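Protein sequence lines, in the order shown, are assigned to chains A and F. Counting with the numbering used here, you get residues 1 to 152 for the letters of the first sequence. Counting with the numbering used here, you get residues 153 to 326 for the letters of the second sequence. Right, one structure below, let's go through it.
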Amino acid sequence: MSDDELDRQIAHAIAARRLPPARDFEARLAAAVARPRASWLVPALASLVAAGALVVLLWRVPHRAPEPPPPAPVPIVAPPPAGSAPDASGTLSIECEPPARVLLDAREVGTTPIELRVAPGEHRLDLVGAQHVVRRLEIKPGEHQRIVLKIE
Amino acid sequence: MDVAATMAGPGVDRDAAVRRLVELAAGRGFAIAVDLLGGRAEAEDAVQDAVMRALGGLARLRDPDALDGWFYRVLTNGCLRTLRRRRITRAFARLVGARGDTGYLPAHLGRDHARLLGLIDALPAMQKAALVLRHGHELAIEDIASMLDVGTETVKTHLKRARARLREELVDER
């Protein structure tokens, strides 16, 4: 194919695809160009937004409450009675599905799963979650008890 | 962009410039944009954007006679930006195995025209622009060079490469 023939085909192809402008395009263009827009409007709006953001920021910063520290683990909930050897404690591990709040002898000690050192003797264990489950248990010195519960 | 507040440069009547820009935009401006970009909506956006940009820079215009060339240069630059973005998008689509935007090819086109336009659309942006302005609008090499902001020899090189590429692709397909 000669250069002239190729050029002619290119010109025909381009012309064949060319779309005319929409009938109202010139009018829309003229309207867009003529549309009065206040020169102060955009900067004024931007300033208002910036000022608002600054006020909110200044208001929030001094009032922001500090993040509460994570609850400290309670390794020994029921301290051993006076006079008993400290190493006489037993351990109690509790797992519960779904997780539940754990109260040992009416004191909240955390959330399952949890492992506690517990003084020997009788104790009341409350698991408060989907249901309220109460267990009475006896811990012997040095004993490890594991409680696994599934509360339906 | 605040058109109402735009000031024309000395010796340039702003109202006359606005009227002339709208006239250029709706005529040859739209034709150039639609030839380069393919679709009507994209062409309208490009033309309107070019008019706004041209009006925004009217204060820098000293010679009223330079308005036409200046507008076409702004418009062509905008279309080139769109073509380059589109090329990147297509490359990315190919990379991820998706089918990218293949350009606008109306149903009424014959098979030969559609094939040729598909090849023209796949050319690098500058080659396509040079080809469209030369053969679609019969502009002089000097005018194309001014619109693309390059030298005349560069335009000739783009045209030569574009033709060679098209010829090669057409031969390969036969």
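Heads up, the beta-carbon is just placed ideally off N, CA and C, and yes, glycines get one too. All figures in this text were calculated on a predicted structure; none of them were measured in a lab.
- For a cut-off of 8 Å, the C-beta gap from Val118(A) to Ser89(A) is around 6 Å, short enough to register as a contact.
- Taking a Cβ-Cβ threshold of 7 Å, the residues of chain F close to Pro21(A) are Ala178, Phe182, in chain order.
- For Gln145(A), the uninterrupted beta strand (DSSP E) segment begins and ends at 144–150.
- With its beta carbon at least 9 Å from every one in chain A, Leu291(F) lies outside the interface.
- Within chain A, Ile14, Arg17, Arg18 have C-beta atoms less than 8 Å from the C-beta of Asp187(F), given in sequence order.
- Counting only residues of its own chain and dropping the five nearest sequence neighbours on each side, Arg286(F) has a CB closer than 7 Å to the CB of Ile296, Leu311.
- Per DSSP, the unbroken alpha helix (DSSP H) holding His265(F) starts and ends at 263–273.
- Note that the C-beta distance between Arg166(F) and Leu210(F) is below 9 Å.
- Using beta-carbon distances, Val134(A) does not count as an interface residue toward chain F, since no partner is under 9 Å.
- Under a criterion of Cβ atoms nearer than 9 Å, no residue of chain F is adjacent to Asp4(A); the nearest Cβ is some 11 Å distant.
- Using a CB distance cut-off of 9 Å, Glu26(A) counts as an interface residue toward chain F.
- For Cys96(A), the pairing in a beta bridge is given by DSSP as Leu149(A).
- Taken through DSSP and simplified to helix, strand or coil, Glu294(F) comes out as helix.
- Chain F has a Cβ within less than 9 Å of the Cβ of Gln9(A).
- A Cβ-Cβ contact shorter than 9 Å links Ile94(A) with Arg146(A).
- For Ala195(F), the closest C-alpha among the options Val186(F), Thr241(F), Ala274(F) is that of Val186(F).
- Bounds of the beta strand (DSSP E) holding Asp126(A) are 121–128.
- A Cβ-Cβ separation of about 7 Å places Ala282(F) in contact with Leu300(F) under the 8 Å criterion.
- For Thr112(A), there is no enclosing beta strand (DSSP E), as DSSP marks it with neither H nor E.
- Leu188(F) sits close to Val284(F), with the two beta carbons spaced by under 9 Å.
- Ranked by how close their Cα comes to the Cα of Thr112(A), the residues His123(A), Glu143(A), Leu149(A), Ala106(A) have Leu149(A) in first place.
- Residue pairing of Thr91(A) in beta bridges, as defined by DSSP: Arg117(A), His144(A).
- Put simply, the backbone Cα of Asp264(F) is about 60 Å away from that of Ala53(A).
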